[in-house]
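Quick notes on the structure that follows.
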Amino acid sequence: MSLKVGIVGIGFMGWMHWLAWKNVGGAEVVAVCSRDAAKRAGDWTTIKGNMGPPGEQVDLSQIKAFETLDAMLADDEIDLIDVCLPPAMHRDAIIACAKAGKNIFCEKPLALNLLDCDAAIEACDQNEVRLFVGHVLPFFTEFSYAVKLIRSGEFGKLLGGNFKRVISDPFWLEDFYNREKVGGPLLDLHVHDAHLIRVLFGMPKTVYSGGRFKNGVPEYCNSVFTFEDADVSVACTGGVVRQQGRPFNHAFEIHLEKATMCFEFAAHADEAETIRLKILKEDGSVERPEDLGDPDSIFAFQREMEELVEAIFTGRDSDSLSGASARDAIAICEAEEKSLLNNTLVELG
């Protein structure tokens with residue numbers, strides 16, 4: 001049995017998903033959808049992004065190519081729609097897929113505001129279809145290792161941590177600072193860490209954020225979160241710097257009762273640098289885990305999709321891919337923006 005997948009939206013994320021699905025057992029892409037005639041003919045050479053290979057000429061001779069989502073939804077062969085459209089289109093696409101009885105895998109963010117998130121989730125519930133939302137971060141090698149180690153309980157209770165995700169201005173991404181189309185650094189970038197914080201720690205109780213705005217949306221912010229458990233302390237830095245010398249940087253330091261985990265990666269204009277994942281133990285020793293898996297970003301998407309396929313065929317839920325955790329990530333981002341705008345502590349419901 002194979003899960004039949006249709007990808008709607010052939011841009012940077014559609015390309016990443018296409019590459020990843022090719023290596024996922026139990027699934028196959030049988031259709032793509034794009035308004036661009038050249039892309040429907042397999043010319044994906046104009047695609048570019050901040051990770052993975054550039055777009056290529058793709059052989060679609062055995063793949064159905066649709067111009068509209070409605071036409072794709074009318075195809076009974078397709079089991080799951082992989083939504084890789086611009087964020088502003090996510091809500092309506094999810095609702096249309098749900099009404100057509102299709103399961104859905106939507107690239108983050110679920111939507112650009114809580115009201116749209118709730119509408120998308122409600123449509124899936126009403127039509128009894130599965131909704132998965134891909135933030136991919138929990139499936140990158142070092143992050144995946146950290147998540148598994150935390151859940152194993154080997155080093156005791158989770159006490160908190162620091163997270164960072166900073167990029168240079170993504171001039172290649174049109175409308176990045178447009179709240180109504182992409183959402184800016186909070187909703188396009190920082191949402192990865194907001195989601196990871198929600199998955200690891202649960203929903204924060206309060207947040208206080210400081211930073212700066214650009215074009216009416218947060219450009220850069222530092223946030224401190226509190227939780228019902230007063231022992232848990234979490235901080236996060238996210239956003240954009242205005243120099244192009246470091247296109248991408250992410251990091252974490254995660255605190256447990258009996259260990260601390262540290263990792264950082266930075267892609268500089270001249271070379272990439274990695275501070276390897278380390279586990280600092282109670283006895284003062286430092287462990288550097290080996291064989292974490294393939295660090296290629298495509299394999300992170302592949303692992304994400306493999307969890308989705310397993311969830312589909314077993315009926316199990318995945319907190320890392322759930323619509324609920326994706327919604328909560330948007331709630332966290334909205335609270336951070338409110339705090340930043342009003343210079344005040346914000347409570348999360």
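Sequential numbering of the sequence shown, starting at 1, is according to the UniProt record's numbering. Even glycine gets a Cβ: it sits at the ideal position worked out from N, Cα and C. No experiment lies behind these values; they were computed from the predicted model shown.
Endpoints, alpha helix (DSSP H) assigned at residue i
{"i": "R198", "result": "V191 to F201"}
{"i": "T314", "result": "S297 to T314"}
{"i": "G14", "result": "F12 to W21"}
{"i": "L73", "result": "L69 to L73"}
{"i": "A329", "result": "G323 to N342"}
{"i": "L85", "result": "From DSSP, L85 is part of no alpha helix (DSSP H); its letter is neither H nor E."}
{"i": "V147", "result": "T141 to S152"}
{"i": "K39", "result": "A37 to R40"}
{"i": "A65", "result": "A65 -> not in any alpha helix (DSSP H); beta strand (DSSP E) instead, spanning K64 to F66."}
Close Cβ partners of residue i (< 7 Å) along its chain, the five nearest in sequence each way excluded
{"i": "A100", "result": "L73"}
{"i": "K214", "result": "Y177"}
{"i": "V30", "result": "K4, V5, G6, I63, K64, E77 and I78"}
{"i": "T45", "result": "G55, E56 and Q57"}
{"i": "residue 366", "result": "As shown, the chain starts at 1 and ends at 349. That puts residue 366 outside it, with no answer to give."}
Member of the options whose CA lies at the smallest distance from the CA of residue i
{"i": "V83", "options": "S61, W18 and V24", "result": "W18"}
{"i": "K48", "options": "D328, S61 and M16", "result": "M16"}
{"i": "T230", "options": "E307, D328 and L159", "result": "Note that residue 230 is Ala in the sequence shown here, rather than Thr. Taking only the C-alpha atoms, the option nearest A230 is L159."}
{"i": "C124", "options": "P87, H192 and L80", "result": "L80"}
{"i": "A272", "options": "F248, K102 and N222", "result": "F248"}
{"i": "E336", "options": "C236, L196, T46 and W44", "result": "C236"}
{"i": "A41", "options": "N50, Y145 and E56", "result": "E56"}
{"i": "I197", "options": "L292, G161 and A71", "result": "G161"}
{"i": "F301", "options": "E257, F313, W21 and I7", "result": "W21"}
{"i": "G6", "options": "T45, H195, E77 and G26", "result": "E77"}
{"i": "I330", "options": "P87, Q243, E257 and Q126", "result": "P87"}
{"i": "S144", "options": "A71, S297, V58 and T344", "result": "S297"}
{"i": "K338", "options": "S34, T274 and G216", "result": "G216"}
{"i": "A326", "options": "G349, D118 and E282", "result": "D118"}
{"i": "L345", "options": "T274, N222 and F299", "result": "N222"}
{"i": "A71", "options": "D328, M89 and S34", "result": "S34"}
{"i": "A259", "options": "G153, E304 and I275", "result": "G153"}
Rounded Cβ spacing between residue i and residue j (contact assumed at less than 8 Å)
{"i": "S168", "j": "R246", "result": "6 Å"}
{"i": "E290", "j": "I279", "result": "Not quite, the Cβ-Cβ distance comes to about 12 Å (not below 8 Å), so this is no contact."}
{"i": "F265", "j": "H250", "result": "6 Å"}
{"i": "V199", "j": "P138", "result": "6 Å"}
{"i": "R91", "j": "A120", "result": "5 Å"}
{"i": "L69", "j": "V8", "result": "5 Å"}
{"i": "P218", "j": "I332", "result": "Not really, about 13 Å apart at Cβ, beyond 8 Å."}
{"i": "N50", "j": "P170", "result": "7 Å"}
{"i": "Q244", "j": "A269", "result": "7 Å"}
{"i": "A93", "j": "N127", "result": "Not quite, the Cβ-Cβ distance comes to about 14 Å (not below 8 Å), so this is no contact."}
{"i": "K157", "j": "E257", "result": "5 Å"}
Contact under 8 Å by Cβ, residue i with residue j
{"i": "E28", "j": "K64", "result": "no"}
{"i": "F140", "j": "L149", "result": "no"}
{"i": "V136", "j": "C106", "result": "no"}
{"i": "F227", "j": "G210", "result": "no"}
{"i": "I10", "j": "V32", "result": "yes"}
{"i": "D116", "j": "F163", "result": "no"}
{"i": "I104", "j": "V129", "result": "yes"}
{"i": "P185", "j": "G238", "result": "yes"}
{"i": "V191", "j": "Y220", "result": "no"}
{"i": "L292", "j": "E67", "result": "no"}
{"i": "V182", "j": "D175", "result": "yes"}
{"i": "V234", "j": "Y208", "result": "no"}
{"i": "S318", "j": "E306", "result": "no"}
{"i": "L189", "j": "G323", "result": "no"}
N-terminal and C-terminal residue of the beta strand (DSSP E) that residue i is part of
{"i": "M261", "result": "A259 to A267"}
{"i": "V240", "result": "S233 to V241"}
{"i": "L131", "result": "L131 to G134"}
{"i": "L277", "result": "A272 to K281"}
{"i": "I78", "result": "Note, I78: premise wrong, no beta strand (DSSP E); not H, not E."}
{"i": "E107", "result": "N103 to E107"}
{"i": "I254", "result": "F248 to L256"}
{"i": "I121", "result": "Taken as a continuous stretch (DSSP letters only), I121 belongs to no beta strand (DSSP E), being part of the alpha helix (DSSP H) at L114 to Q126."}
{"i": "I7", "result": "L3 to V8"}
{"i": "P218", "result": "V217 to T226"}
{"i": "I47", "result": "Here I47 belongs to no beta strand (DSSP E), and DSSP marks it neither H nor E."}
{"i": "L158", "result": "L158 to S168"}
Close-in-space but distant-in-sequence residues of the same chain around residue i (CB under 6 Å, 5 per side omitted)
{"i": "K347", "result": "This sequence places Glu at residue 347; Lys is not what is there. Excluding sequence neighbours, E347 sits near T206."}
{"i": "M13", "result": "C84 and E107"}
{"i": "L340", "result": "S209, G211, P218 and C221"}
Nonlocal neighbours in the same chain, by C-beta distance under 8 Å from residue i, ignoring five residues either side
{"i": "A146", "result": "F252, I254, M261, F263 and L277"}
{"i": "R316", "result": "E310"}
{"i": "F313", "result": "M1, L3 and G26"}
{"i": "D36", "result": "I10"}
{"i": "F53", "result": "The residue asked about is misnamed: residue 53 is Pro in this sequence, not Phe. Once the five neighbours on either side are set aside, the close Cβ partners of P53 are L19."}
{"i": "E334", "result": "N113 and L114"}
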